[in-house]
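Peer 1: Under this note's numbering, read the sequence shown as residues 874 to 1396, first letter to last.
Here a beta-carbon is modelled for each residue, glycine too, at the ideal position from N, C-alpha and C.
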Amino acid sequence: MTATVPPADLFAAEDWLTLLDVSLTAVHLVRPVYASAPAGGAIVDFAIEYLNPAGQRMTGLVEQPGGTLLGRFPHAFSQGIFEYYRRVFETGETLAYEVNYQADGLDNYFKFSARRSGERLLVSFTDTSDQDRSEAEKALRESQAREQQARAEAEQQRALALAAQCDAEAQRLRLHDFMSAAPGVVLSLVGPQHVIEFANEGFRQQFGAPDPVGKPYLEAVPSALNQFAPAYESTALYDHIYRTGEPYYAAEAPYYVVATPGGPRELRYFTFAVQAARDGTGRITGVQVYATNVTTQVVTRQQVEQLNQELEARVQKRTRQLEQKQAEALAAAERRAQEREELYQVLAQTPAAIAITRGPDHRYVYTNPASEALFVGRQLVGRSVAEALPEASSQGLLALLDHVYATGETYFGTELPLAFAGPADSPPEVRYFNFTYQAYREKGQVVGISTFAYDVTEQVLARQEREMQRRRLHEVFEQAPIAICVLAGPAYVLEAVNPPMAEMLGHRVQQLVGRPFFEALPG
874 MTATVPPADL
884 FAAEDWLTLL
894 DVSLTAVHLV
904 RPVYASAPAG
914 GAIVDFAIEY
924 LNPAGQRMTG
934 LVEQPGGTLL
944 GRFPHAFSQG
954 IFEYYRRVFE
964 TGETLAYEVN
974 YQADGLDNYF
984 KFSARRSGER
994 LLVSFTDTSD
1004 QDRSEAEKAL
1014 RESQAREQQA
1024 RAEAEQQRAL
1034 ALAAQCDAEA
1044 QRLRLHDFMS
1054 AAPGVVLSLV
1064 GPQHVIEFAN
1074 EGFRQQFGAP
1084 DPVGKPYLEA
1094 VPSALNQFAP
1104 AYESTALYDH
1114 IYRTGEPYYA
1124 AEAPYYVVAT
1134 PGGPRELRYF
1144 TFAVQAARDG
1154 TGRITGVQVY
1164 ATNVTTQVVT
1174 RQQVEQLNQE
1184 LEARVQKRTR
1194 QLEQKQAEAL
1204 AAAERRAQER
1214 EELYQVLAQT
1224 PAAIAITRGP
1234 DHRYVYTNPA
1244 SEALFVGRQL
1254 VGRSVAEALP
1264 EASSQGLLAL
1274 LDHVYATGET
1284 YFGTELPLAF
1294 AGPADSPPEV
1304 RYFNFTYQAY
1314 REKGQVVGIS
1324 TFAYDVTEQV
1334 LARQEREMQR
1344 RRLHEVFEQA
1354 PIAICVLAGP
1364 AYVLEAVNPP
1374 MAEMLGHRVQ
1384 QLVGRPFFEA
1394 LPG
């Protein structure tokens, strides 16, 4: 029996080169090009290191042309050739591939066979440039042309999807930054233990919790125990909403907080809304809280109420009807103020008017329903402030926006009167707003402004109405046709005297106020 000689022993080194020279099949040697270091980077191209004569004839290149596969043949990516090379190199498999290549100066049907050799890829290929095209090949060309078109369309769709995903992520980050800096309290809790997932700066400062994220609510806010109102005791409210999904709203609710670690418990008042958070399937995953500290408003109103009660005690029978009307007006104002302070879901359901503009021309990119309700019949999104609200310039709003955009400084407006025309060219109506203009940044540069505004018209008008009622009460006291005075203390000191009483006592009003009544009697 004749022993079989291995092919490697049959051919000398120069025989292999001769074989490449006489081969009718094209052969070329390529080396992968990485995005960074080979150990961790992805393959982004293949450098062309060698082409045998058949390969030179088919491609029109020289033996060592230099350059890369995608540099010489850009359509190799869309035709799947680059992906074929990459797969063979990374898997070590010997794979075949066929393609109808009609680009980059070529118009042939190619068949490929490739295998990895060390850190290079050895590829042999043939074409049909010197052969008649069969009906099957023509059909395959047409099929591959359709496949190429479909692949190109798929790539375009992937690119569009990636762009949309990037845009959505950018919007999410802007929304996160916006809510972090939003006035009031924004809190997101997850799970049955109500672990804090997000807390804005307002929550951290007002509840004395500088680092609450990742902690259960009771751990971050121990003052939640032993509350003034049983409804807010511990986490009972959050437990109920997490279990049932029912939203909860409270206006001017009393709540004890410890604003500084180790500090005293302070009674504050909040108007807040709590709702369940759900995932894409509708399953409840946590609880969201949105609150506004209204302690100042409540205390101020309580002081006003106390003052009114003191005034009522000093007025005689004949002025009670006027006082009753004043009390009714005050009660109506309080009801309107309470209704106005209702807090809905953040952004889409918040009572505050929220808008986001972008660019130096302040073009609207987002408005919530409350903001749109202020400008019924006007198209805001997609238009600049100057286009959507022409009257904003004359009222100084554009100048404020330009200043915030140029400097990055936040602007706070308090009870600012603004007049905007209503629908159907109705006359402008003056309304009062508390609002914030705050710049938002991308890569450290100001790119837009967020607006957070509360309509406080009724609060301002109610305060003006109370002042008018007090003046009217004083006028009635002064103009009463009978002698009236107000005495204070065991010495019956004259605290208030109307003109008829002063005339009866025989002195001017200024001489009587502050004197004991019996000293002021005529001798």
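(1) If I'm right that Gly1321 touches Thr1230 with Cβ under 8 Å, what's the distance once you round it to whole angstroms?
(2) DSSP puts Gly1286 in a beta bridge; with which residues?
(3) Assign Asp1112 to one of two classes, buried (16 or more other C-beta atoms within 10 Å of its C-beta) or exposed (fewer than that).
(4) Expressed to the nearest angstrom, what Euclidean distance is found between the alpha-carbon atoms of Tyr957 and Thr964?
(5) When you compare only the Cα positions, how much space is there between Val1063 and Glu1070?
(6) Measure from the alpha carbon of Leu924 to the alpha carbon of each residue in Phe1391, Thr898, Val917, then state which is nearest.
(7) Quick check on Glu1338 - is its C-beta less than 9 Å from some C-beta in chain B?
(8) State yes or no: is the C-beta of Ala1097 within less than 9 Å of the C-beta of Leu1091?
(9) Using three-state DSSP, classify Glu971 as helix, strand or coil.
(10) For the alpha helix (DSSP H) that contains Asn1181, what are its first and last residues?
(11) Pull up the distance between the alpha-carbon of Gln1021 and that of Ser951, whole angstroms please.
(12) I'd like to know whether the C-beta atoms of Val1160 and Ala1149 end up nearer to each other than 9 Å.
(13) With DSSP run on the structure shown, which of helix, strand or coil describes Ile954?
(14) Could you tell me the boundaries of the alpha helix (DSSP H) in which Ser1266 lies?
(15) Contact defined as beta carbons within less than 8 Å: I believe Glu887 pairs with Val903. What is the distance between those atoms, to the nearest angstrom?
(16) Kindly indicate which three-state DSSP category Arg1213 falls into: helix, strand or coil?
(17) Is it buried or exposed for Pro905, if we count other Cβ within 10 angstroms and need 16 for buried?
(18) Among Arg1141, Val1068, Leu1060, which residue has its Cα nearest to the Cα of Arg1077?
(19) DSSP three-state call for Lys865: helix, strand or coil?
(20) In the DSSP output, what is Glu1139 paired with across the bridge?
(21) In its own chain, which residues sit with a C-beta less than 6 Å from the C-beta of Pro1085, not counting the 5 before and 5 after it?
(22) Can you give the Cα-Cα distance for Gln1332 and Val1349, rounded to whole angstroms?
(23) Can at least three beta-carbon pairs, one atom from the stretch 1135–1150 and one from the stretch 1108–1123, be found at a separation below 8 Å?
(24) Can you check whether the CB of Phe962 is closer than 9 Å to the CB of Phe983?
(25) Alpha helix (DSSP H) containing Thr1240: first to last residue?
(26) Would you tell me roughly how many angstroms separate the C-alpha atoms of Ala1399 and Tyr1129, rounded to the nearest one?
(27) Report the three-state DSSP secondary structure of Asp870 (helix, strand or coil).
Peer 2: According to the structure shown:
(1) The count along the sequence shown starts at 1 and reaches residue 1321 at position 448. The count along the sequence shown starts at 1 and reaches residue 1230 at position 357. Confirmed, about 5 Å.
(2) Position 413 of the sequence shown, counted from the start, is the residue given in the question as residue 1286. Partner(s): Phe1308.
(3) Along the sequence shown, read from residue 1 onward, the residue named residue 1112 stands at position 239. Counting the other Cβ atoms within 10 Å of the Cβ of Asp1112 gives fewer than 16, which makes it exposed.
(4) In the sequence shown, counting from the first residue as 1, residue 957 sits at position 84. In the sequence shown, counting from the first residue as 1, residue 964 sits at position 91. Spanning the two alpha carbons is a distance of roughly 11 Å.
(5) By one-based count along the sequence shown, residue 1063 stands at place 190. By one-based count along the sequence shown, residue 1070 stands at place 197. If I take the Cα positions, the gap works out to 6 Å.
(6) In the sequence shown, counting from the first residue as 1, residue 924 sits at position 51. It is Thr898.
(7) Considering every chain present, this structure includes no chain B. It has just one protein chain.
(8) For the purposes of this step, residue 1097 is taken as the residue at position 224 of the sequence shown. For the purposes of this step, residue 1091 is taken as the residue at position 218 of the sequence shown. Yes, they are a contact pair.
(9) Mapped onto the sequence shown, residue 971 falls at position 98. If DSSP states are grouped into helix, strand and coil, Glu971 belongs with the strands.
(10) As a working note, residue 1181 is residue 308 in the sequence shown. For Asn1181, the enclosing alpha helix (DSSP H) has its first and last residue at 1168–1187.
(11) Residue numbering aside, residue 1021 sits at position 148 when the sequence shown is read from its first letter. Residue numbering aside, residue 951 sits at position 78 when the sequence shown is read from its first letter. Distance between Gln1021 and Ser951, taken at the CA atoms: about 7 Å.
(12) Here the question's residue 1160 lines up with position 287 in the sequence shown. Here the question's residue 1149 lines up with position 276 in the sequence shown. Contact flag set, yes.
(13) Sequence index remark: in the sequence shown, residue 954 carries index 81 (1-based). In the structure shown, Ile954 adopts helical secondary structure according to DSSP, grouped into three states.
(14) Here residue 1266 is taken as the residue at index 393 of the sequence shown, counted from 1. It spans 1264–1267 - the alpha helix (DSSP H) in which Ser1266 sits, taken as one unbroken run.
(15) Taking the first residue of the sequence shown as 1, we reach residue 887 at position 14. Taking the first residue of the sequence shown as 1, we reach residue 903 at position 30. Glu887 to Val903, Cβ: 23 Å. No contact.
(16) Locating residue 1213 in the sequence shown gives position 340, counting from the first residue. Annotation note: pLDDT 37 at Arg1213 (below 50); position unreliable, no value reported.
(17) Taking the sequence shown and counting its residues from 1, the one referred to as residue 905 is at position 32. It counts as buried.
(18) On the sequence shown, residue 1077 is found 204 positions in, with the first residue counted as 1. Measuring from the Cα of Arg1077, the nearest candidate turns out to be Leu1060.
(19) There is simply no residue 865 to check, as the chain begins at 874 and stops at 1396 in what is shown.
(20) Translated into positions along the sequence shown, residue 1139 becomes position 266. Answer by DSSP bridge pairing, in chain order: Val1130.
(21) Numbered from its first residue, the sequence shown carries residue 1085 at position 212. Ile1069, Ala1072, Ala1093, listed in sequence order.
(22) In the sequence shown, the residue the question calls residue 1332 occupies position 459. In the sequence shown, the residue the question calls residue 1349 occupies position 476. Straight-line Cα distance between these residues: approximately 26 Å.
(23) Yes, since at least three Cβ pairs between the stretch 1135–1150 and the stretch 1108–1123 fall closer than 8 Å, the two stretches touch.
(24) Taking the first residue of the sequence shown as position 1, residue 983 is located at position 110. Taking the first residue of the sequence shown as position 1, residue 962 is located at position 89. Cβ distance not < 9 Å, so Phe983 and Phe962 don't count as in contact.
(25) The sequence position of residue 1240 within the sequence shown is 367, counting from 1. Bounds of any alpha helix (DSSP H) do not take in Thr1240; it lies within the beta strand (DSSP E) bounded by 1236–1240.
(26) The requested residue 1399 does not occur in the structure, where the chain is confined to residues 874 to 1396.
(27) Given that the chain is displayed from residue 874 to residue 1396, the structure contains no residue 870 and the question cannot be resolved.
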